[in-house]
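Notes follow the structure.
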Ligand SMILES: NC(=O)c1ccc[n+]([C@@H]2O[C@H](COP(=O)([O-])OP(=O)(O)OC[C@H]3O[C@@H](n4cnc5c(N)ncnc54)[C@H](O)[C@@H]3O)[C@@H](O)[C@H]2O)c1
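Numbering (our numbering), first residue to last: 951 to 1337.
Shown next, in the form of structure tokens:
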């Protein structure tokens, strides 16, 4: 995106995020972050820009960096123009990314907004006086920080553990976004297609529901018998893994695991099957293992389309979307999850940072879920604005 497109996109996101807008107005009056520096380490793209500007509206000095590989330079320019100090570049190099994280911490922020535990883990290695606490966006960050609880000993609220985040984002938004990505990338119909969803957690439930409502025949494969039973009760077919592979026109992985589909499965895949990943790691579909298998005799990349087709020795074809990366965040014009789901998730972020800044959380609240009263408030506010 060029800078004008980015500006338009961020402006659209900001105008659509009604909850965050209302909070920014309120923060402009209450100034909960007056004289506070907030260090952030979260993707620098249009939706997070709206969050960082909300914190700034509350009086914070914001010093920001991004995450590995996702920083959008035009978003960085937009934020710099609006008095956010950004230390970030688009990089897949861990050492370069580390240097950006260190630059944020060198500003000795009073609060941290972390994504994956990068900032808190570095703080734990090299502490400085004055850090009050902050937030962690993800489950993987929570798992990384839990063993450090005794040493961190400060309030750190974990956003992803909110029940709101689970249903609003992981279930509904990921389902819609993966469905939208399938349509946008392939331009194929869903009617009468056999779709198999691997993984029936919150994300898989949303994906399965979206394809079912679009007239596909959906089946679910999960390694956990309880999750499989839940899929059965929800009315999905739950075939044996191999039977599912043999009949699926589209396979979506949503497990959080690795090597869910590998070269060992090639013989079982149906001619023309499309493989699509919605899970966090690009290793759910073992793309290079499949593509370099002896069974593959030809490869065609549809340049700019996010599709690669593999021709097999027996004439069958297997299509892989976005090289096995999260299909709703990779590929052409990836939009990610809906603005509303991010609006509600970032409202939780803003309220949790306010909670910590105002001294309403203690060291005992180290790596704990969002407080229930914040969940209730965000839910009420969202309903009031959207009824
Ligand atoms: N694309 C996005 O925008 C987005 C957003 C949020 C989360 N995610 C990612 O989606 C993935 C799923 O998230 P979730 O919240 O639903 O997780 P979850 O842990 O609630 O559910 C995962 C399910 O997959 C099952 N599973 C694990 N390995 C399997 C395998 N090999 N085969 C079949 N089933 C298997 C588990 O038993 C579980 O039921 C995670 O990687 C998460 O980070 C993606």
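Built from N, CA and C at the ideal position, the CB exists for glycine as well.
Computed from a predicted model, the values in this text were never measured in an experiment.
Proximity below 8 Å, CB of residue i to CB of residue j
{"i": "residue 989", "j": "residue 1087", "result": "no"}
{"i": "residue 1249", "j": "residue 1241", "result": "yes"}
{"i": "residue 1080", "j": "residue 1106", "result": "no"}
{"i": "residue 1108", "j": "residue 1092", "result": "yes"}
{"i": "residue 1146", "j": "residue 1028", "result": "no"}
{"i": "residue 1224", "j": "residue 1182", "result": "no"}
{"i": "residue 1069", "j": "residue 1016", "result": "no"}
{"i": "residue 1178", "j": "residue 1172", "result": "yes"}
{"i": "residue 1014", "j": "residue 1036", "result": "yes"}
{"i": "residue 970", "j": "residue 1300", "result": "yes"}
{"i": "residue 907", "j": "residue 1135", "result": "In the structure as shown, the chain starts at 951 and stops at 1337, and residue 907 therefore has no counterpart that could be examined."}
{"i": "residue 1228", "j": "residue 1204", "result": "yes"}
{"i": "residue 1007", "j": "residue 964", "result": "no"}
{"i": "residue 1303", "j": "residue 1051", "result": "no"}
{"i": "residue 983", "j": "residue 1297", "result": "no"}
{"i": "residue 995", "j": "residue 1020", "result": "yes"}
{"i": "residue 1073", "j": "residue 1061", "result": "no"}
{"i": "residue 1153", "j": "residue 1176", "result": "no"}
{"i": "residue 1231", "j": "residue 1202", "result": "no"}
{"i": "residue 968", "j": "residue 1335", "result": "yes"}
{"i": "residue 1293", "j": "residue 1114", "result": "no"}
{"i": "residue 1025", "j": "residue 960", "result": "yes"}
{"i": "residue 1247", "j": "residue 1261", "result": "yes"}
{"i": "residue 1032", "j": "residue 1063", "result": "no"}
{"i": "residue 1311", "j": "residue 1305", "result": "yes"}
{"i": "residue 1150", "j": "residue 1103", "result": "no"}
{"i": "residue 1277", "j": "residue 1226", "result": "yes"}
{"i": "residue 978", "j": "residue 1119", "result": "no"}
{"i": "residue 1117", "j": "residue 1140", "result": "no"}
{"i": "residue 1272", "j": "residue 1239", "result": "no"}
{"i": "residue 1065", "j": "residue 1089", "result": "no"}
Residues that DSSP places opposite residue i in a beta bridge
{"i": "residue 1269", "result": "1224 and 1259"}
{"i": "residue 1036", "result": "1014"}
{"i": "residue 1250", "result": "1259"}
{"i": "residue 1313", "result": "Per DSSP, none; premise fails for residue 1313."}
{"i": "residue 1233", "result": "Note: residue 1233 sits in no beta bridge, so no partner."}
{"i": "residue 1187", "result": "1169"}
{"i": "residue 1146", "result": "1169 and 1201"}
{"i": "residue 963", "result": "Note: residue 963 sits in no beta bridge, so no partner."}
{"i": "residue 1219", "result": "Beta-bridge pairing links residue 1219 to no other residue."}
{"i": "residue 1107", "result": "1085 and 1318"}
Limits of the alpha helix (DSSP H) - the one that residue i falls within
{"i": "residue 990", "result": "Counting along the chain, residue 990 falls outside any alpha helix (DSSP H), though it belongs to the beta strand (DSSP E) covering 987-991."}
{"i": "residue 1210", "result": "That residue, residue 1210, is in no alpha helix (DSSP H); it is neither H nor E in DSSP."}
{"i": "residue 1197", "result": "1191-1197"}
{"i": "residue 998", "result": "996-1007"}
{"i": "residue 1178", "result": "1175-1183"}
N- and C-terminal bounds of the beta strand (DSSP E) containing residue i
{"i": "residue 1319", "result": "1316-1319"}
{"i": "residue 1136", "result": "Taken as a continuous stretch (DSSP letters only), residue 1136 belongs to no beta strand (DSSP E), being part of the alpha helix (DSSP H) at 1124-1136."}
{"i": "residue 969", "result": "Residue 969 -> not in any beta strand (DSSP E); alpha helix (DSSP H) instead, spanning 968-980."}
{"i": "residue 1304", "result": "Per DSSP, residue 1304 belongs to no beta strand (DSSP E); it is in the alpha helix (DSSP H), 1289-1307."}
{"i": "residue 1328", "result": "Element bounds for residue 1328: not the beta strand (DSSP E) but the alpha helix (DSSP H), 1322-1336."}
{"i": "residue 1140", "result": "From DSSP, residue 1140 is part of no beta strand (DSSP E); its letter is neither H nor E."}
{"i": "residue 1200", "result": "1200-1203"}
{"i": "residue 1157", "result": "Residue 1157 -> not in any beta strand (DSSP E); alpha helix (DSSP H) instead, spanning 1152-1163."}
{"i": "residue 1238", "result": "Counting along the chain, residue 1238 falls outside any beta strand (DSSP E), though it belongs to the alpha helix (DSSP H) covering 1237-1241."}
Interface flag, residue i vs chain C, CB-CB below 8 Å
{"i": "residue 968", "result": "Going by chain labels, chain C is absent from the structure shown, which holds only one protein chain."}
Any non-hydrogen atom of ligand 3 closer than 7 Å to residue i Cβ
{"i": "residue 1287", "result": "Among the ligands present in this structure, namely ligand 1, ligand 3 is not found."}
Check your understanding: Mind pulling the alpha helix (DSSP H) runs of 4 or more residues that sit fully within the region 1025-1105?
Key -> Those alpha helix (DSSP H) runs which fall completely within the region 1025-1105 and span 4+ residues are 1044-1056, 1068-1075, 1089-1095 and 1099-1102.
Point to revise | the region 1283-1291 touching the region 1156-1175, judged by at least three CB pairs closer than 8 Å | key: Counting Cβ pairs under 8 Å, fewer than three are found: no touch.
Exercise for review: Assess, as a yes-or-no matter, whether the region 1146-1161 is touched by the region 1315-1329 under the definition of 3 or more beta carbon pairs within less than 8 Å.
Suggested key: Counting Cβ pairs under 8 Å, fewer than three are found: no touch.
Check your understanding: Would you call the region 1121-1138 and the region 1310-1319 touching, i.e. three or more CB-CB distances under 8 Å?
Key -> Segments in contact, no.
Review point. Can you find at least 3 beta carbon pairs, one from the region 1193-1207 and one from the region 1217-1231, that sit closer than 8 Å?
Key: Because the criterion of three Cβ pairs below 8 Å is met, the region 1193-1207 and the region 1217-1231 touch.
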